[in-house]
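This report concerns only the one structure given below.
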Amino acid sequence: MLNLSVLLEDGARSAPEKECLVFGDLRLNYAVTNMIANQVANLLVSRGVRPGDRIALASPNLPYFPFVYFGALKAGAVVVPLNVLLTPREIAYHLEDSGAKALFAFTGSPELPLGERSFEAFNQVEGCEFYVDLPSSPGATESTIDGAETFWKALDGQPGEFETVQADPDDTAVIIYTSGTTGKPKGAQLSHNNLLMNAVVSSGMVEPHPDGRDVALVVLPLFHIFGQTVMLNSVLYRHGTMVLMPRFDGAEALRIMEKEGVTGFAGVPTMYWGLLGAVQSAEPGTYDLEKIASDVVDAVSGGSALPGQLSQDFTKTFGVGIKEGYGLSETSPVVSFNNPKIKAKTGSIGLPVWGVEMKLIDNDWNDQSEEGEIAVRGHCVMKGYHNRPDANAEVLRDGWFRTGDIARRDEEGFYFIVDRSKDMIIRGGYNVYPREVEEVLMTHEAVSLAAVVGVPHDTHGEEIKAFLILKDGAEASPEEIVEWSKERLAGYKYPREVEFRTELPMTSTGKILKRELRA
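Heads up, the sequence shown is in the UniProt record's numbering, so the first residue is 1 and it goes up one at a time.
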């Protein structure tokens, strides 16, 4: 028997007074955090929630997230985390598709009225039985949403003790919805064993701080599997402290890192780009970079490919090397990692983590020796998509999961991402991988960030277009970039079209939305 909530419960037993959550001036230890999760579990049971029922949770990185997440798991329910940027129509789809029995949603703000959107969606879905408002005002018992019940009022009178429902290791713990870049989002069913094993394996790759401190700045959205495993479950497994940050801002992140003595940071490449930008645009002496660098012993990147130039610039500025890993929602997520205890290679996603196998295949699942689509097998692979037998048949075979990512493998077994198979550009019959072009563009002295996509072309099928953000104060013309690229890339690879932007469209997790650029 196994329940993922053991991660929080063990901390409450072993280190009850240890700080678990920090959010602004709020500081909660493991005992109190676990007690509130117990109250949530009692609330759910009192409302008729039974093991296997789905509980939807729409919240940014606030203490509410672990309260509800672990409370639902304790009750034997399945957590369905929702992206906080979804529209009412999209929220309703997720509730209906998952068969959610309840929805816990953060009120939000006038600029981001998540509660209004969530409550509107809740009222459209017949099977969703009750709604709980996670209020913006701490301890508020009256909701600003007409007809909604607040979290704190719902918990009033609920006991702080709860006997956790034991589950089988293969029981579904969380349903994570994919981004839906190729149709409607699909819910990846992750088991208690999937998530616990990934948390344990991920923790084993963290470098301990010399003085024993373990303080993680949690900027990755917890509703995304990267943040959930690496910055929630793994930190709790180690009895570490989570400093919650609801919305990433480079300047504010640096301030918090300095103030709280953060020892661990994980982010997507655009977050590292944001940290660099904050330093470059600040007055000298604004941040104690020496202190930050001495505190931070672990900097991990994932979610999308890390440009080599960005990695070099970050290390030069902060004195901290970025370790790159690889994973997907369907793999809990960590599949491979550049483990410095073994060996690491710049630009590589490393070697498979303990208990996981990787191989390269072609479209027909035939093994490839040097380059192909990554397939994964091991404890991390999902049970399958919720109610999607056709999709499962496409991506799962004999325990292997095909990822859609193209990679090459060197003679030592290290994997290097070439690109997403769906992002590949076919220009005049030649395959062009955007990441390779982006890596080259990022070395231009005026370029701060690059995104490359294929756009329709009458004779070539697709043409290569680059969207660029220039560094502060830098100047360049599209023609100059094209000519510069022409000298460094093969004739079929360099961009013929260049467009400058002040910002690029991104997901809530910081990934560049190439489908919007293509549109």
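All residues carry an ideal CB built from backbone N, CA and C; glycine is no exception.
Please name the residue in the options whose C-alpha comes closest to that of residue i.
i	options	result
F248	V297, R27, T507, V320	T507
H107	K153, G139, T144	Reading off the sequence, residue 107 comes out as Thr, not His. Answer by Cα proximity: T144.
G204	K471, F318, V455, V235	V235
G127	L155, G325, H94	H94
R54	A77, A41, Y69	A77
P51	L441, G491, V79, V219	V79
G308	A450, E96, A72, G48	A450
E480	G473, R496, V418	R496
H460	K493, A476, S98	K493
N29	F500, P333, D10, E370	D10
G491	E142, V482, A282	V482
L468	H457, R488, V440, E462	V440
S46	L103, P159, K291, L134	P159
L82	A92, A12, V437, A58	A58
V455	G264, L306, E516	E516
L217	L275, N366, R402, M382	L275
L489	E438, V453, T509, P478	E438
P135	V300, F104, N339, V432	F104
F119	S294, T141, T150, G139	T150
H209	D295, E252, V498, Y287	D295
E463	Y272, P434, E142, G187	P434
W444	I425, V453, R427, L470	First, the residue type needs correcting, since residue 444 is His and not Trp in the sequence shown. That would be L470, whose Cα lies nearest to the Cα of H444.
Q228	V165, Y69, E90, V297	Y69
Taking DSSP as the reference, what is the three-state secondary structure of residue i?
i	result
E499	strand
H460	coil
L360	strand
V432	strand
L103	strand
S448	strand
L134	strand
T182	Annotation note: pLDDT 47 at T182 (below 50); position unreliable, no value reported.
N387	coil
L468	strand
N366	coil
L2	coil
F248	coil
A56	strand
N29	strand
D10	helix
T150	strand
G454	strand
V226	In the sequence as presented, Val is not what sits at residue 226; that position holds Phe. Here F226 sits in helix by DSSP.
E19	strand
Y177	strand
Y272	helix
Y415	strand
L112	coil
A253	helix
Q312	helix
F162	coil
Taking DSSP's pairing of strands, which residues face residue i in a bridge?
i	result
M197	Paired residue(s): none; M197 is not in a bridge.
G325	F337
E371	R408
G264	A216, D298
G378	V356
I512	M506
W400	R397
T172	S191
R420	D405
E475	Note: E475 sits in no beta bridge, so no partner.
R518	Bridge partners of R518: none, in fact.
S442	A small fix is needed here, since residue 442 is Met in this sequence, not Ser. Note: M442 sits in no beta bridge, so no partner.
V243	V22, L217
L351	F337
Are residue i and residue j close, meaning C-beta to C-beta below 8 Å?
i	j	result
L114	V84	yes
H239	K74	no
M197	C380	yes
R420	G404	yes
S98	A148	no
S336	G325	yes
I374	L351	no
V215	L190	no
D211	H192	no
E96	V125	yes
F401	E330	yes
M1	A167	yes
Y237	L7	yes
E260	V279	no
Ordered list of alpha helix (DSSP H) runs contained in the region 58-100, each at least 4 residues = For the region 58-100, whole alpha helix (DSSP H) runs of length 4 or above, ordered along the chain, are 64-74, 88-98.
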